[in-house]
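Everything on this sheet refers to the single structure shown next.
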Amino acid sequence: MITAFIFIALGFATMEFSGWFIHKYLMHGPLWMIHKTHHQPSKTFFELNDLFSLLFGSVAVILIIKGIDTLDYRFWMGIGISVYGLLYFVLHDVLVHRRLKWFDRPKTTFLKGIFKAHQAHHRTNQKEDAVSFGLFVVPKKFFKDEEN
Ligand SMILES: [Zn+2]
Ligand SMILES: [Zn+2]
Numbered sequence: 239m240i241t242a243f244i245f246i247a248l249g250f251a252t253m254e255f256s257g258w259f260i261h262k263y264l265m266h267g268p269l270w271m272i273h274k275t276h277h278q279p280s281k282t283f284f285e286l287n288d289l290f291s292l293l294f295g296s297v298a299v300i301l302i303i304k305g306i307d308t309l310d311y312r313f314w315m316g317i318g319i320s321v322y323g324l325l326y327f328v329l330h331d332v333l334v335h336r337r338l339k340w341f342d343r344p345k346t347t348f349l350k351g352i353f354k355a356h357q358a359h360h361r362t363n364q365k366e367d368a369v370s371f372g373l374f375v376v377p378k379k380f381f382k383d384e385e386n
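Residue 239 is where the sequence shown starts when you use the numbering used here, and the numbers rise one by one after that.
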């Protein structure tokens, strides 16, 4: 069971770190054409940028299917990626962007930090000069209460 937990954590961490990298160097780079739909006000519920979620979700589904017979590392990493995706959806899409109106503004220091860090990312709608590309891995200053 401990190995299952390690691979879940690994899948989760891989998403945050590769996500940071993909967001900074690809989405704000050669894939800006797709990602810019997330930095502009959108008139429709879905945006072209949602393709990235679909892509990451598919990776998780494929890993789970490949590993389900033996419950090997692929299965648990797929679960880790799914847990990350779910949290990403709740925090990024619902809490920060309010695509669904489930919550009001965050009140805890941790959630406020995530909220402010991602708002800082959206302060620009340009490809260049954006900051805080991760969801959880963001500069520590955002978690200091004085700044809220
Ligand atoms: Zn961005
Ligand atoms: Zn965003």
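Every residue, glycine too, gets a C-beta built ideally from N, C-alpha and C.
- Message: Strictly closer than 7 Å from CB to any heavy atom of ligand 2: give me those residues in the order they appear in the chain.
- Response: Any heavy atom of ligand 2 within less than 7 Å of a residue's beta carbon puts that residue on the list, which reads H276, H330, V334, H335, H356, H359 and H360.
- Message: Let's test the definition: count the other Cβ atoms within 10 Å of the Cβ of Y195 and tell me whether it reaches 16, buried, or not, exposed.
- Response: Look at the range of the chain in this structure, 239 to 386, and you will see that residue 195 is not part of it.
- Do G318 and F245 have their C-beta atoms closer together than 8 Å? The answer is yes: Cβ separation under 8 Å.
- Which residues in the same chain have their Cβ closer than 8 Å to the Cβ of E385, if we skip the five residues on either side of it in sequence? Reliability fails at E385, whose pLDDT of 48 lies under 50, so the model's placement of it is uncertain and the value that follows must be treated cautiously. Contacts found: K354 and K379.
- Query: Unbroken alpha helix (DSSP H) runs of length 4 or more, entirely within the region 262-300: which are they?
  - Reply: Listed in chain order, they are 270-273.
- C-alpha gap between D342 and L333, whole angstroms: Computed Cα separation, rounded: 8 Å.
- Around the Cβ of L301, are there at least 16 other Cβ atoms within 10 angstroms (buried) or fewer (exposed)? The residue is buried, with at least 16 neighbouring Cβ atoms inside 10 Å.
- Query: Got a sec, what are the start and stop residues for the alpha helix (DSSP H) K350 sits in?
  - Reply: Start and end: T347 to H359.
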